[in-house]
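Engineer:
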Amino acid sequence: MSTASVVAGAAARPGGNQLSDGAKVFAFAVMCVGFFIALLDIQIVSASLRDIGGGLSASQDEVAWVQTSYLIAEIIVIPLSGFLARVMSTRWLFCASAAGFTFTSLLCGWAWNIESMIAFRALQGFLGGSMIPTVFTTAFAFFPGKKVVVAAATIGALSSLAPTLGPTVGGWITDNYSWHWLFFVNLVPGVFVAVVVPLMVRIDTAEPALLRTADYPGIVLMVLFLGCLQYTLEEGPRWNWMEDATLRATALIAVVAGIGFVWRTLTSAHPIVDLTALKSRNFALGCFFSFVTGVGIFSTIYLTPVFLGRVRGFSALEIGLAVFSTGIFQVLSIPVYTFCARRFDLRWLMMLGLALFGLSMWSFTPITHDWGWRELLFPQALRGFAQQFAVAPTVTLTLGGLAPNKLKLASGLFNLMRNLGGAIGIAACGTILNDRTNLHFLRIAERLTPANDALAAFLDKVGRHHALVLGGDATRGQEAALKQLWSLAYREALVMTFSDAFAVIFVCFVLATAMVPLMRKVAPPKGPSRDAH
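Residue numbers (our numbering): 2 to 534.
Put into structure tokens, the structure is as follows:
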């Protein structure tokens, strides 16, 4: 069946459930393309911020907002997506999201200064973010019963593969073309998705009347809560948390708005986010597991490039190639997971995935200053395999038992927890790198005393070498030797801190693995709700 015939056939039929199986697979695949590029853009610029800053004459603090603005906007719109899907219908929300994401990608590539780039990136995150939770709703509408296992495996793979590949793809594009193409690369797939999805995906109808009864105070509180929380988490490690007046203010606003949002959501007749879904044990635990996997995926994506850049001095492309093994092994694990998911209880597969993810974090802890792609291969390969077994069953177990009328609002909350876990994980790792490096450096320095014979021999040897290079000046030679000693001590302190950070993530996965037996075996809803079609 050709692509043209699939689209034409779909357009002739009014209901998504009247599509043939092949047409459903094609429509879902098209939505997955939009889902993938929206997730990819979270990290695609991370390895190229220096190039973007140079091109736009921006400082390091300014260019950091290229990433922060996107994340703040995306984390705000994700929980709103369930409400917007009911107002606009799933297909038109996804179409508008894909079109907006594509147009703002073009604007980002055309940005003329850092201010315009930050504004366009915020719009890109806000307009494109709705593609992420909407895919979950469509998967359960298109593929009932056991078929949803493959759909969940695909979503699970893409949701962890995209941010993993982001630095690799971004580094390669920047090195071979320019940073502008980090955004222009979205244009063709974005237009394709925006055109095809409204022709094929018809699983519900629009309800614009919901705009009259929407909980607008709840929306305002949610925006304040998530926006200020994300800003505090992003900027906290750089500005030493509560020592900064702006961070104190945003943290306070986040706490007050968060309490107000929860109260408003629980008391409103028409809440924007369905917190009552948390009464389901599986959904509550699933959100927790989504949070922990977000911590693991995003924190590791943050730590590994920082280590390779600061300790090894790798370029953006070299960093991308060094972390590429995670994506390869995750792709290879998809058929293995699909085979196992049809034969074994998903709870035990998830337990295996979380345990292996924790083991991969532990295998990072012996890290030394000379680790490169060879030494990183096993921990990253294990993480890639574990990601598939940790994320995919979580999707099915968490969302598979919800009725369709709850699924739209609940899927936004589920996705929010993964992104929130990533934000908190990265913030925690940044704080660990700042604080523990100083601690380790002081402990190393305590042992570097004149009584240390090995130290005296090192300074003598290196000092004489530098003195020869500097024309026989012994004083300058000793100063150069001391500077080299300081650099070596700082490097080792930094490496020890990376080990600490991976150990903390390992503990998170140990706790998550121990909680898996609390999950119940998922049973799909007995029948569709009124608004399922």
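Each residue gets a CB set at the ideal place from its N, CA and C atoms; glycine is no exception. Computed from a predicted structure; not experimentally measured.
How would you call A13, buried or exposed, if buried means at least 16 neighbouring beta carbons within 10 angstroms?
Structural biologist: In the sequence shown, counting from the first residue as 1, residue 13 sits at position 12. Per-residue confidence for A13 stands at a pLDDT of 40, beneath the threshold of 50, marking its modelled position as unreliable; no derived number is given.
Engineer: Counting beta carbon pairs with one atom in the region 297–316 and one in the region 494–503, are three or more of them shorter than 8 Å?
Structural biologist: yes
Engineer: Once DSSP output is grouped into helix, strand and coil, what is the label at A12?
Structural biologist: As a working mapping, residue 12 is identified with position 11 in the sequence shown. With a pLDDT of only 43 at A12, under the threshold of 50, the placement of this residue in the model should not be trusted; the figure read from the coordinates follows. If DSSP states are grouped into helix, strand and coil, A12 belongs with the helices.
Engineer: What three-state label does DSSP hand A5 in the structure shown?
Structural biologist: Mapped onto the sequence shown, residue 5 falls at position 4. Residue confidence is low: A5 scores 46 on pLDDT, short of 50, so the model does not pin down where it sits. Its coordinate-derived value is still stated next. The answer is helix: DSSP assigns A5 an H, G or I state.
Engineer: If I follow the unbroken alpha helix (DSSP H) through A256, where does it start and stop?
Structural biologist: Working through the sequence shown from its first residue, we reach residue 256 at position 255. For the record, residue 256 in the displayed sequence is Val; it is not Ala. From DSSP, the alpha helix (DSSP H) with V256 extends over A246 to T268.
Engineer: Is D275 helix, strand or coil by DSSP?
Structural biologist: Counting from 1 along the sequence shown, the entry for residue 275 is found at position 274. If DSSP states are grouped into helix, strand and coil, D275 belongs with coil.
Engineer: Just to confirm my understanding: we take G287, look at its own chain, exclude 5 residues before and 5 after, and list those with CB closer than 7 Å. What are they?
Structural biologist: Within the sequence shown, the letter at position 286 stands for residue 287. The answer, listed in chain order, is T395, L398, T399 and F415.
Engineer: Using DSSP with H/G/I as helix, E/B as strand and the rest coil, what is M362?
Structural biologist: Numbered from 1 along the sequence shown, position 361 holds the residue referred to as residue 362. In this structure, M362 counts as helix in the three-state DSSP scheme.
Engineer: Would you decide whether A74 is buried or exposed? Buried here means 16 or more other CB atoms lie within 10 Å of its CB.
Structural biologist: Here the question's residue 74 lines up with position 73 in the sequence shown. So A74 ends up on the buried side.
Engineer: Can you list, in chain order, the stretches of the alpha helix (DSSP H) that have 4 or more residues and sit fully within the region 174–249?
Structural biologist: 182–185, 188–201, 211–214 and 217–240
Engineer: So the candidates are E208, R444 and T514; which of them puts its Cα closest to the Cα of L85?
Structural biologist: The count along the sequence shown starts at 1 and reaches residue 85 at position 84. For the residues E208, R444 and T514, the minimum Cα distance to L85 belongs to E208.
Engineer: Suppose contacts are defined by Cβ-Cβ distances below 8 Å. Is S47 in contact with P451 by that definition?
Structural biologist: Locating residue 47 in the sequence shown gives position 46, where the first residue counts as 1. Locating residue 451 in the sequence shown gives position 450, where the first residue counts as 1. No, Cβ-Cβ distance for S47 and P451 is not below 8 Å.
Engineer: Report the residue ranges of all alpha helix (DSSP H) runs contained in full by the region 390–457; include only those spanning at least 4 residues, in chain order.
Structural biologist: Within the region 390–457, the complete alpha helix (DSSP H) runs of at least 4 residues are 405–448.
Engineer: Under DSSP, the alpha helix (DSSP H) around A123 begins and ends at which residues?
Structural biologist: By 1-based counting over the sequence shown, the position of residue 123 is 122. I115 to G129 is the span of the alpha helix (DSSP H), which, as asked, contains A123.
Engineer: Tell me whether the beta-carbon of G373 lies closer than 8 Å to the beta-carbon of I329.
Structural biologist: As a working mapping, residue 373 is identified with position 372 in the sequence shown. As a working mapping, residue 329 is identified with position 328 in the sequence shown. No, they are not a contact pair.
Engineer: Could you check if A429 is buried or exposed, using at least 16 other CB atoms within 10 Å of its CB as the buried criterion?
Structural biologist: On the sequence shown, residue 429 is found 428 positions in, with the first residue counted as 1. The residue is buried, with at least 16 neighbouring Cβ atoms inside 10 Å.
Engineer: What distance in whole Å lies between the Cβ atoms of I506 and V296, which are believed to be in contact at a cut-off of 8 Å?
Structural biologist: In the sequence shown, counting from the first residue as 1, residue 296 sits at position 295. In the sequence shown, counting from the first residue as 1, residue 506 sits at position 505. With a Cβ gap of about 6 Å, V296 and I506 count as contacting.
Engineer: For V136, which of L162, T105, L94 and G101 has the nearest alpha-carbon?
Structural biologist: On the sequence shown, residue 136 is found 135 positions in, with the first residue counted as 1. Checking every option, the nearest Cα to that of V136 belongs to L94.
Engineer: Excluding the 5 residues flanking M2 on each side, which residues of the same chain have their C-beta closer than 6 Å to its C-beta?
Structural biologist: As a first step, residue 2 must be located in the sequence shown, where it is residue number 1. Per-residue confidence for M2 stands at a pLDDT of 44, beneath the threshold of 50, marking its modelled position as unreliable; the derived number appears in the next sentence. Here the set comprises G23.
Engineer: Measuring alpha carbon to alpha carbon, tell me which of A502, T206, M520 and V392 ends up nearest M362.
Structural biologist: Numbered from 1 along the sequence shown, position 361 holds the residue referred to as residue 362. Ranking the options by Cα distance to M362, first place goes to A502.
Engineer: Does the CB of T327 have a neighbour CB from chain D at under 8 Å?
Structural biologist: Note that chain D does not occur in the displayed structure, where there is just one protein chain.
Engineer: Do the region 184–194 and the region 28–43 touch if we need at least three Cβ pairs shorter than 8 Å?
Structural biologist: yes
Engineer: On a CA-only basis, which of L166, K147, T301 and W264 is nearest A504? Give me that one, please.
Structural biologist: One-based indexing of the sequence shown puts residue 504 at position 503. The shortest Cα separation from A504 among L166, K147, T301 and W264 belongs to T301.
Engineer: Rank I43, L40, V67 and L41 by C-alpha distance to the C-alpha of R51 and give the top, closest one.
Structural biologist: Residue mapping note: residue 51 aligns to position 50 of the sequence shown, counting from 1. For the residues I43, L40, V67 and L41, the minimum Cα distance to R51 belongs to V67.
Engineer: If I follow the unbroken alpha helix (DSSP H) through V312, where does it start and stop?
Structural biologist: Taking the first residue of the sequence shown as position 1, residue 312 is located at position 311. Neither: V312 is in no alpha helix (DSSP H) and is coded neither H nor E.
Engineer: Where do the ends of the alpha helix (DSSP H) carrying L40 lie?
Structural biologist: If you number the sequence shown from 1, residue 40 lands on position 39. Taken as a continuous stretch (DSSP letters only), the alpha helix (DSSP H) holding L40 covers D22 to Q44.
Engineer: Comparing C-alpha positions only, which one of M351, L347, A387 and L276 sits nearest to T327?
Structural biologist: On the sequence shown, residue 327 is found 326 positions in, with the first residue counted as 1. T327 has its Cα closest to that of A387, out of M351, L347, A387 and L276.
Engineer: Can you tell which of R521, A28, D436 and P272 has its C-alpha closest to the C-alpha of W242?
Structural biologist: For the purposes of this step, residue 242 is identified with residue 241 of the sequence shown, where counting begins at 1. Answer by Cα proximity: D436.
Engineer: Less than 8 Å between C-beta atoms, sequence neighbours within five positions excluded: which residues of the same chain meet that for P190?
Structural biologist: Taking the first residue of the sequence shown as position 1, residue 190 is located at position 189. Within the same chain, P190 has close Cβ partners V34, G35 and I38.
Engineer: Rounding to the nearest angstrom, what Cα-Cα distance links A154 and Y71 in this structure?
Structural biologist: Working through the sequence shown from its first residue, we reach residue 154 at position 153. Working through the sequence shown from its first residue, we reach residue 71 at position 70. Their backbone Cα atoms lie some 27 Å apart in a straight line.
Engineer: Give me the Cα-Cα distance between A255 and T69, rounded to the nearest whole angstrom.
Structural biologist: Here residue 255 is taken as the residue at index 254 of the sequence shown, counted from 1. Here residue 69 is taken as the residue at index 68 of the sequence shown, counted from 1. A255 and T69: Cα-Cα distance of roughly 16 Å.
Engineer: What does the alpha-carbon distance come out to for the pair D216 and T138?
Structural biologist: On the sequence shown, position 215 is the one that residue 216 refers to. On the sequence shown, position 137 is the one that residue 138 refers to. In a straight line, the C-alpha of D216 is about 22 Å away from that of T138.
Engineer: Does V337 pass the burial test, meaning 16 or more other C-beta atoms within 10 Å, or should it be called exposed?
Structural biologist: Locating residue 337 in the sequence shown gives position 336, counting from the first residue. By the 10 Å Cβ count, V337 comes out exposed.
Engineer: Leaving out five residues before and five after R239 in sequence, what residues of the same chain have Cβ atoms less than 8 Å from its Cβ?
Structural biologist: Translated into positions along the sequence shown, residue 239 becomes position 238. Cβ within range, chain order: D62, A65 and G431.
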